[in-house]
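In our numbering, the protein residues as written are 1176 to 1498.
Cβ coordinates follow ideal geometry from the N, Cα and C atoms, glycine included.
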């Protein structure tokens, strides 16, 4: 935009320059350098000349086909994410429907939202200590409760069982993040045109019909954002499994982020293998994100674009025939 000979558009570039510079230095360069390391023999703490391997994809091949620990970490990561996200999104949607239902007119909604969101602001280290204490062996609140109710005669070592350990880690992730997901969905519902709900009420739609026919379809973009962010967060899960059980028992809670950390900063300091694992996760994240975008796309808009494209082709063909 110009006014009295002054070009104001340049100020947009000036204001965005700090972000672009920070992105190039702290995001793009590390990503590109990590990708490069994945094709090299870079190992150890002592700097040595770096050489690209004869087979550039050797590190990737070793991880995917010869490294059982990496494959196990992939399975654990996917399993832990599914176990915590499915109940998380279900409860968040239920609470969203509850808090945004005008007919219920719930009192103290703000207080409820604060209380449900609070687990998200507690530090991971605090939560790890809390749940380690709850499931302590042989004396812990959960063991004491089970014995008091007569469910067991002897203390149970919950955290030495693979299934229980995974279940506890998944529950912690669910408990920490369902409040955050609920707040995002509630904000999305608040952005829906109230006239739609009023029209539904006038037409006699009940709460279930309103939620599934109006609320959910209108939340497609917000749900896509929630799915993408949750998926990325699940694939990069590190703090709770590391602080709570350090990947145990028997690597049952070992995640890919923990595997990458172990390869890069423990033992042989195999930066090349850690970089290759990071790029594999980057590709997996990109593929899954693309799939979610395709799955959650607006089908009506896609049909309209396809119809417009076919119309233009037909018009162009008709114009050619007339010539």
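Of the residues assessed, residue 1326 falls on the exposed side of the cut-off, its CB having fewer than 16 other CB atoms within 10 angstroms. Here residue 1286 is exposed: its Cβ has fewer than 16 other Cβ atoms, across all protein chains shown, within 10 Å. In this structure, residue 1444 places its C-beta atom within 8 Å of the C-beta atom of residue 1220. For the pair residue 1391 and residue 1268, the Cα-to-Cα distance works out to about 9 Å. Shortest Cα-Cα distance from residue 1234 to any of 1223, 1247, 1212 and 1222 involves 1212. Following the DSSP letters along the chain, one finds residue 1225 in no alpha helix (DSSP H), marked with neither H nor E. By the neighbour-count definition (other C-beta atoms within 10 Å, threshold 16), residue 1384 is an exposed residue. Taken through DSSP and simplified to helix, strand or coil, residue 1215 comes out as strand. Between the region 1287-1302 and the region 1411-1426 there are three or more inter-stretch CB-CB distances shorter than 8 Å, so the stretches are counted as touching. In the three-state reduction of the DSSP assignment, residue 1234 falls in the helix class. A distance below 6 Å between beta-carbons, with the five flanking residues on each side excluded, links residue 1351 to the following residues of its chain, in chain order: 1294 and 1295. Assignment of residue 1280 by DSSP, reduced to helix, strand and coil, places it in the coil class. Going by DSSP, residue 1312 is part of no alpha helix (DSSP H) at all; its letter is neither H nor E. Going by DSSP, residue 1450 is part of the alpha helix (DSSP H) stretching over 1446-1470. Exclusion of the five residues before and after residue 1272 leaves 1382, 1386 and 1390 as the residues of its chain whose Cβ lies within less than 8 Å of its Cβ. Looking from the CA of residue 1428, the closest CA among 1410, 1369 and 1406 belongs to 1410. By the criterion of at least three beta-carbon pairs nearer than 8 Å, the region 1369-1378 is not in contact with the region 1453-1467.
By the C-beta density criterion, residue 1431 is buried, having at least 16 other C-beta atoms within 10 angstroms.
Counting of Cβ neighbours within 10 angstroms places residue 1259 among the buried residues, the total reaching 16 or more. Residue state for residue 1355 is assigned as helix, using DSSP reduced to three classes. Rounded to the nearest whole angstrom, the C-alpha separation of residue 1298 and residue 1414 is 10 Å. For residue 1201, there is no enclosing alpha helix (DSSP H), as DSSP marks it with neither H nor E.
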